[in-house]
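Numbering (the numbering used here), first residue to last: 122 to 591.
Ideal Cβ positions, reconstructed from N, Cα and C, are used throughout, including at glycine.
If you're wondering where the values come from, they're calculated on a predicted model, not measured in any experiment.
First comes the structure, then the notes that go with it.
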Ligand SMILES: [Ca+2]
């Protein structure tokens with residue numbers, strides 16, 4: 122792989138070559154690499170889409186997208202919280218490898234280090250146009266913004282939409298900025314417009330770049346609380362406001378797919394839909410559903426880390442495919458880099474190329490012997506084959522607690538798991554602990570997890586940090 126690896130310096134030098142490459146694609150002398158669109162939702166749960174068993178008919182476009190491509194049943198985020206999850210998706214690295222943990226906020230003085238290589242930077246080597254519309258959450262200071270990490274265009278929020286003076290529990294947040302490029306263009310924007318604004322810009326970007334390869338990252342702020350929906354979707358879902366918001370996100374996906382089709386790009390465009398973590402259960406009726414999975418956001422139970430993932434690429438991904446192999450957002454960077462013909466970063470990453478899984482090749486197997494799930498820097502769980510081991514740890518739970526409602530959260534209780542082993546193939550809800558019956562598997566998976574943890578600890582990289590707040 123060394124031959125194909127390039128450093129950050131190489132990326133910068135390669136920018137000019139990218140422009141030349143683009144011209145060559147335009148003249149048709151070589152087949153262009155595919156366009157890539159990632160649609161990411163915030164806190165949408167495993168049980169929130171019809172294609173994953175949600176009742177009602179709130180997601181017809183995403184259900185159709187699933188039927189036209191592949192649906193992953195066992196797709197994971199590396200950590201069940203916004204900034205950490207997004208860092209993993211964009212860099213292919215465990216978030217604790219690169220120092221992006223938890224959820225950054227307006228007081229954070231750190232962000233994604235300039236040495237890290239995002240998907241946008243990777244595909245820029247090949248002349249891709251790049252844009253992010255939506256939530257960034259990898260540092261709000263100028264040096265950490267998307268425009269410094271390979272994105273030509275940025276419009277959206279720098280962090281979560283609840284980090285504003287209307288927060289239900291903390292009124293001390295400063296005004297929420299809406300950013301275009303590197304400039305704050307509004308404060309406390311009308312959140313009923315966010316999904317529409319992001320979607321309109323996404324469609325315009327596709328149209329403008331129809332003749333060259335592009336990477337579009339549509340990172341919705343919804344359905345993260347506070348929930349907001351435009352007038353045209355208000356009161357439409359029997360599920361209430363949360364369902365209305367899901368309907369508007371589904372509409373957004375439909376608009377993006379329609380624009381791809383209108384531009385004649387269906388067979389040249391890989392479209393990926395997934396969520397950044399499981400539902401925020403303390404918000405009750407304003408939070409999503411994990412379906413059959415245990416717990417939600419902020420935990421290493423399946424409800425926190427397993428998310429819906431649908432991928433569509435007509436002519437390359439067979440229709441009505443289902444992939445049951447473990448994979449995750451960490452795999453997107455190496456897979457997309459492979460499709461684009463772009464070099465992988467020189468530094469260690471954790472994702473693997475899962476193109477054979479995406480294409481639903483019958484013999485394709487997960488490239489991961491073990492998927493490790495940390496909370497901050499602490500190893501909480503390891504998935505290996507059909508089994509999942511929990512290392513002893515504390516976690517938050519809403520079991521037995523009064524639910525939140527109407528945008529006000531309930532209170533989590535603290536719970537603890539000891540060493541526990543679950544057969545996810547037979548027990549998706551993680552209720553039947555097999556640790557006492559299978560000490561061999563407990564020892565084997567523990568060893569895998571601890572070996573990964575030790576190797577990662579030796580090659581960890583620090584986040585970027587400003588000397589003082591600016
Ligand atoms: Ca989230």
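Sorted by chain position, which residues of the same chain lie with C-beta nearer than 6 Å to residue 541's C-beta, five sequence neighbours on each side aside?
One-based indexing of the chain shown puts residue 541 at position 420. Result list for residue 541: 511, 554 and 556, in chain order.
Quick one: residues in its chain with C-beta nearer than 6 Å to the C-beta of residue 587, no 5 flanking neighbours on either side, listed in chain order?
By 1-based counting over the chain shown, the position of residue 587 is 466. Same-chain partners within the cutoff: 230 and 262.
Quick one: is residue 580 buried, meaning 16 or more other Cβ sit within 10 Å of its Cβ, or exposed?
Here residue 580 is taken as the residue at index 459 of the chain shown, counted from 1. By the neighbour-count rule (16 or more Cβ atoms within 10 Å), residue 580 is not buried but exposed.
Does the beta-carbon of residue 558 have 16 or more other beta-carbons within 10 angstroms, so that it is buried, or is it exposed?
Residue mapping note: residue 558 aligns to position 437 of the chain shown, counting from 1. It counts as exposed.
Using the three-state DSSP reduction, which class does residue 198 fall into: helix, strand or coil?
The residue you call residue 198 lines up with position 77 of the chain shown. In this structure, residue 198 counts as coil in the three-state DSSP scheme.
7 Å Cβ cutoff met for residue 427 and residue 167
In the chain shown, the residue the question calls residue 427 occupies position 306. In the chain shown, the residue the question calls residue 167 occupies position 46. For residue 427 and residue 167, yes; Cβs fall inside 7 Å.
Spell out the partners DSSP gives residue 534 in its beta bridges.
Here residue 534 refers to the residue found at position 413 of the chain shown. Per DSSP, 518.
Nearest candidate by alpha-carbon position, reference residue 445, set 549, 456 and 335
For the purposes of this step, residue 445 is identified with residue 324 of the chain shown, where counting begins at 1. Here the closest residue by C-alpha is 549.
Would you identify the three-state DSSP class for residue 566, choosing helix, strand or coil?
As a working mapping, residue 566 is identified with position 445 in the chain shown. Helix at residue 566.
Would the segment 418 to 432 and the segment 457 to 474 be scored as touching if the rule is three or more Cβ pairs under 8 Å?
no
Taking only runs that begin and end inside the segment 409 to 469, name each unbroken beta strand (DSSP E) of 3 or more residues, in chain order.
427 to 433 and 442 to 444
Residue 649 Cβ short of 6 Å to ligand 1 heavy atom set
Lying outside 122 to 591, the shown extent of the chain, residue 649 is not represented and no answer is given.
Taking the DSSP output, what are the residues bridged to residue 585?
Within the chain shown, numbered from 1, the residue matching residue 585 stands at position 464. 232.
On a Cα-Cα basis, can you pick out the residue from 492, 475 and 491 that is closest to residue 484?
As a first step, residue 484 must be located in the chain shown, where it is residue number 363. Measuring from the Cα of residue 484, the nearest candidate turns out to be 475.
Any chance the CB of residue 169 is under 6 Å from a heavy atom of ligand 1?
Translated into positions along the chain shown, residue 169 becomes position 48. The answer is no for residue 169.
What does DSSP give as the partner residue(s) for residue 298 in the beta ladder?
Taking the chain shown and counting its residues from 1, the one referred to as residue 298 is at position 177. Answer is 308, bridged to residue 298.
Around the Cβ of residue 408, are there at least 16 other Cβ atoms within 10 angstroms (buried) or fewer (exposed)?
The residue labelled residue 408 in the question sits at position 287 within the chain shown. By the 10 Å Cβ count, residue 408 comes out buried.
With 16 as the cutoff for other CB atoms within 10 Å, does residue 415 come out buried or exposed?
Numbered from 1 along the chain shown, position 294 holds the residue referred to as residue 415. Classification of residue 415: buried, given that the 10 Å Cβ count is 16 or more.
Any non-hydrogen atom of ligand 1 closer than 6 Å to residue 497 Cβ
By one-based count along the chain shown, residue 497 stands at place 376. No; taking the cut-off as 6 Å, the Cβ of residue 497 has no heavy atom of ligand 1 nearer than that.
Minimum C-alpha distance to residue 179 - residue among 311, 354 and 244
Walking along the chain shown from the start, residue 179 turns up at place 58. Closest by alpha carbon: 354.
What residue does the alpha helix (DSSP H) around residue 212 start on, and which one ends it?
Within the chain shown, numbered from 1, the residue matching residue 212 stands at position 91. Per DSSP, residue 212 belongs to the alpha helix (DSSP H) from 203 to 212.
What do you reckon, is the C-beta of residue 293 under 6 Å from a heavy atom of ligand 2?
Inclusion of ligand 2 in the displayed structure is not the case, the ligand content consisting of ligand 1 alone.
Here's the rule: buried if 16 or more other CB atoms are within 10 angstroms of the residue's CB, otherwise exposed. What is residue 64?
Within the shown structure, residues of the chain are numbered from 122 to 591, placing residue 64 beyond reach of any answer.
Can you tell me whether residue 529 is buried or exposed, with buried defined as 16 or more other CB within 10 angstroms of its CB?
In the chain shown, residue 529 corresponds to position 408, counting from 1. Answer is exposed; the Cβ neighbour count stays below 16.
Stretch-stretch touch, CB-based, cutoff 8 Å, three pairs: the segment 239 to 256 with the segment 516 to 530:
no
Just to check, is the beta-carbon of residue 156 closer than 6 Å to a non-hydrogen atom of ligand 1?
Numbered from its first residue, the chain shown carries residue 156 at position 35. The answer is no for residue 156.
Using a threshold of 7 Å, state whether the C-beta atoms of residue 376 and residue 448 are closer than that.
In the chain shown, the residue the question calls residue 376 occupies position 255. In the chain shown, the residue the question calls residue 448 occupies position 327. Cβ distance not < 7 Å, so residue 376 and residue 448 don't count as in contact.
Under 7 Å, do residue 403 and residue 525 count as touching if we go by C-beta distance?
Taking the chain shown and counting its residues from 1, the one referred to as residue 403 is at position 282. Taking the chain shown and counting its residues from 1, the one referred to as residue 525 is at position 404. Yes, the pair counts as a contact, with Cβ atoms nearer than the cut-off.
Residue 293 versus residue 307 - alpha carbon distance
For the purposes of this step, residue 293 is identified with residue 172 of the chain shown, where counting begins at 1. For the purposes of this step, residue 307 is identified with residue 186 of the chain shown, where counting begins at 1. Between residue 293 and residue 307, the C-alpha separation is close to 19 Å.
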